[in-house]
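Asks:
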Amino acid sequence: MSDYFEKVKIELQQMKAPGEAAETEAAGEEQQPSPASDSSVQADVSLTSRRDVSRSSINERSRSKSRSKADGHARQVNSRQVSDLTALRSVAGIYRVSNEQNLQVKGTGKIFKAKSAANGHVESCQRQTEEKCEHRVKEDGNKVGKKRRPVTVDSSKAKTSLEALKLSIRQLKWKEFPIGRRTACDIYWHGVSFHDNENIVSGQVNKFPGMIEMLRKINLSRAVRTMQELFPEEYNFYPRSWILPEEYQLFSTQVRLLKDNDSTLKPTFIVKPDNGSQGDGIYLIRDPADLRVISGSQVKQAVVQEYIQKPLLIDKLKFDIRLYVLVRSLEPLEMYIAKEGLTRFCTEPYQEPSQKNLSHVFMHLTNYSLNVHSGNFVHSDSCNTGSKRTFSSVLYRLGSKGVDIKKVWSDIIALVIKTVIALVPELKVHYQADIPPGKPGPTCFQILGFDILLMKNLKPILLEVNSNPSMRIEHEQEVSPGVFEYVPSVVDEEVKVGVIRDTLRLMDPAQRKQYGVTNLGVGSPEDAIVMDAERDEKEGLADSLPSLCLKQVFPKYTKQFNYLRVVERIATIFLRFLGVKGTMRLGPTGFRTFIRNCKLSNSSFSMASADILYIDITRRCAGTLPDSREAGMGLQAFIEAFFYLAARRFKALPLREQVVSLLEVCESSIDGQGHAEKPRPHRSHTNANPASDHCSAPPTLNSPSVTCRHQSHRRHQPLQPSAKGNTDN
């Protein structure tokens, strides 16, 4: 080995000479020692700069000779040569543990870190790919690399979803912190809202700021109504609604006109308190005079909707569907839908509503929290029977009768995507208020519970969206008079554990970092999960897990639905002119700046007119939001002002074309101001580039121009009965 050290030292000194450098060999190409050395291993050491891999080459003749005998001598490398190289590293003193340079000793297939200076320039040898290195380490009998650090989950605020969360963490072999942790966790699982645990500056939280507020009955109705004004045919899956008490007179007038035109019609309506849950406070009426929210001195906010009188029945029972939807990020918009859901049945045979049976909640309302108290409720150990079943069992039964199941699923997916698109604009405003761009904070994701009713013609109707769907996997059972205990629910565990487990898998920070979704990388996070599972199975790091039960529906179907994101473009302009970070209201100065920068003022619409418009709309909208403490123009008021400006400027066009045309004017003016700083996007969970939000709209529909957005845009259309039966499970 003394000759061996001498040869290496000589070649190292030669490499340090000014102006001399080596050309790197192709990664993975093994080289052979020269025949000049007899028993010892002769090494050709190459140093090259990482910045310039194509410098002057070593003698081409000697390199071609070494290539000609590569395979034979490569197999002769053994543990003695490895130890000799280790000794060389110690003696030479030129190797570093950092990732600055690489030293490749020919004929060994090994890569070492090295540092050498020549005329003040640091140069390094070529590094073979990590895959080749790991492969050779395994061949030499060395141990496989370290196991991945387990993902940490803070479950201290999980509340009712705790048991399902624990099972999911156990299946994934992650680490749970049930009482919290001083240092940061990878994932925080909250039970109610984003603010369950304050001062989180990193990691991921399973709630979005503002989701609770957006999914209250009134705000959801307003968001969908805005989309109905622009796209009436695309958003006809939501029952016609009135907001009480502000629209009580409108509701009363329309019902009276309806009955005057046809005395045989006896429509039924369902009243839902704005902040109600689990069926609390829901009741049916047939006349506006029966409304309880306007009786007495205290006025309660509520939504009144048409009742669907022809729902699809199974075993003569009305039922609804609870589907779980994961919103993985807002920017870019990414959502998944669970392939399995729940069906919740009424416990009394259905009859069309009449004055006699309006109070029969077990007949008309599908809320689990109501029907569970019925003597007819059936807790079953099977997923195919009982008062609560899996959605797949119902689909199987429908399919056996010739129903097109693919069409049903397709319609449901479209309903989910359209609903989330309606919610995103306001959610983005809430997001930037709690996590302004540039401020340390977590990223967010959330599981939503969609309650859907199938009509007799199999058309899906949206009943409501729950921001905190119950993830309990047990139910109460009376074991003796007055004594109750929690017992496992087979159907709940079947559905909910899979949803939570696979949500965690999609949010795994290690998986997202390694298989980040890019245009050049893995096609989707589902592909990353599959690759991750295959790797774990090969390395024995985890037991095999079921295939992902969550199906990506956006951005997968971006091309089909991106034209609907018109209001989101308006919200982007609104966020740009907010000015102050963390606020959700646009002040008068910001509104004037918007008018001026977008060049919307002219001889017929002066800046004074803009001030009057701001004051008028802001005051009117503030009157409809009594709990609003922050002064200024919110997003809904800004949208109303935007619609008004669009109607003034493009009078001859239908409403949707008016809005899109004004958007193009504003966006063009803003893009032309090079000195103006554009708003920074929210943190995204992936590296995917979102599809353009500026897709042209499809052929326009004849939408009536709306002068007051607080009134129904379909005021002159006949009422269509609709139904309701929903709850947090």
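Note that the sequence shown covers residues 14 to 742 in this note's numbering.
Glycine included, C-beta positions come from ideal geometry on N, C-alpha and C.
The model shown is predicted, which means the values in this text are computed figures rather than measured ones.
#1: Might you give, ordered along the chain, the residues of its own chain that have their beta carbon closer than 7 Å to the beta carbon of R402, omitting 5 neighbours on each side?
#2: Assuming contact is defined by CB atoms lying nearer than 7 Å, are A236 and G216 in contact in what I supplied?
#3: Identify whether N479 lies in helix, strand or coil by the three-state DSSP scheme.
#4: Hey, quick one: how far does the beta strand (DSSP E) through D167 stretch, first residue to last?
#5: Go ahead and pull the three-state DSSP assignment for R229.
#6: On the CB-based measure, 16 or more other CB atoms within 10 Å of its CB, does H443 come out buried or exposed?
#7: Can you tell me whether A584 is helix, strand or coil according to DSSP?
#8: On the three-state DSSP scale, how would you describe S70?
#9: Within 8 Å, do at least three Cβ pairs link the region 416-425 to the region 220-228?
#10: Find out if the Cβ-Cβ distance for the pair L475, Y251 is shorter than 7 Å.
#11: Which residues bound the beta strand (DSSP E) around E507?
#12: Could you check what DSSP says for V110 in three-state terms: helix, strand or coil?
#13: Inspect the CB distances between the region 609-620 and the region 456-472 and report whether three or more fall short of 8 Å.
#14: On a Cα-Cα basis, can you pick out the residue from V579, A654 and S342 that is closest to R605?
#15: Can you check DSSP and say which residues form a bridge with A315?
#16: Less than 7 Å between the C-beta atoms of T631 and M646, yes or no?
#17: Would you report the Cα separation of S276 and H377, rounded to the nearest angstrom?
#18: In chain order, which continuous runs of the alpha helix (DSSP H) of length 4 or greater are located wholly inside the region 603-660?
#19: Leaving out five residues on either side along the sequence, give the residues of the same chain with a beta carbon under 7 Å from the beta carbon of L343.
#20: For the region 377-443, which segments carrying the alpha helix (DSSP H) assignment without a break, of at least 4 residues, lie completely within its bounds, in sequence order?
#21: Which residue's Cα is closest to the Cα of C457: T165, E347, Q318 and G289?
#22: In this structure, how does DSSP classify S493 when only helix, strand and coil are distinguished?
#23: Does the Cβ-Cβ distance between R669 and L243 come in under 7 Å?
#24: What are the start and end residues of the beta strand (DSSP E) that includes A351?
#25: What's the gap between the Cα of F607 and the Cα of D629?
#26: With DSSP collapsed to three states, give me the class of F567.
#27: Would you kindly report the start and end of the unbroken beta strand (DSSP E) that includes S681?
#28: What would DSSP say about F207, mapped onto helix, strand or coil?
#29: Between which two residues does the beta strand (DSSP E) holding R357 run?
#30: Which same chain residues, not among the five before or five after P362, have their C-beta less than 6 Å away from its C-beta?
#31: Looking only at its chain, what residues have a beta carbon closer than 6 Å to the beta carbon of V374, apart from the 5 residues adjacent to it on each side?
#32: Is it right to say V205 is buried, meaning 16 or more other beta carbons lie within 10 angstroms of its own, or is it exposed?
#33: Could you give the DSSP three-state label for L278: helix, strand or coil?
#34: Let's test the definition: count the other Cβ atoms within 10 Å of the Cβ of F282 and tell me whether it reaches 16, buried, or not, exposed.
#35: Spell out a yes or no on whether the region 480-497 and the region 171-184 are touching, meaning 3 or more CB-CB pairs, one atom from each, closer than 8 Å.
#36: Is T596 helix, strand or coil by DSSP?
Replies: A quick look at the data gives this:
#1: T356, C396 and V504
#2: no
#3: strand
#4: T165 to K170
#5: coil
#6: buried
#7: helix
#8: Residue confidence is low: S70 scores 41 on pLDDT, short of 50, so the model does not pin down where it sits. Its coordinate-derived value is still stated next. Coil.
#9: no
#10: yes
#11: That residue, E507, is in no beta strand (DSSP E); its alpha helix (DSSP H) goes V503 to M520.
#12: Reliability of the predicted coordinates at V110 is poor, the pLDDT of 41 falling under 50, and the value obtained from them is presented with this limitation in mind. Residue state, collapsed to three classes: coil.
#13: no
#14: A654
#15: L257 and P286
#16: yes
#17: 24 Å
#18: 620-636
#19: V437, L440, K441, Y444 and H695
#20: 381-384 and 404-412
#21: E347
#22: strand
#23: yes
#24: L346 to A351
#25: 17 Å
#26: strand
#27: Looking at the DSSP string, S681 is not in any beta strand (DSSP E); the run it does join, the alpha helix (DSSP H), is L668 to D684.
#28: helix
#29: L355 to F358
#30: K329
#31: L383
#32: exposed
#33: coil
#34: buried
#35: yes
#36: coil
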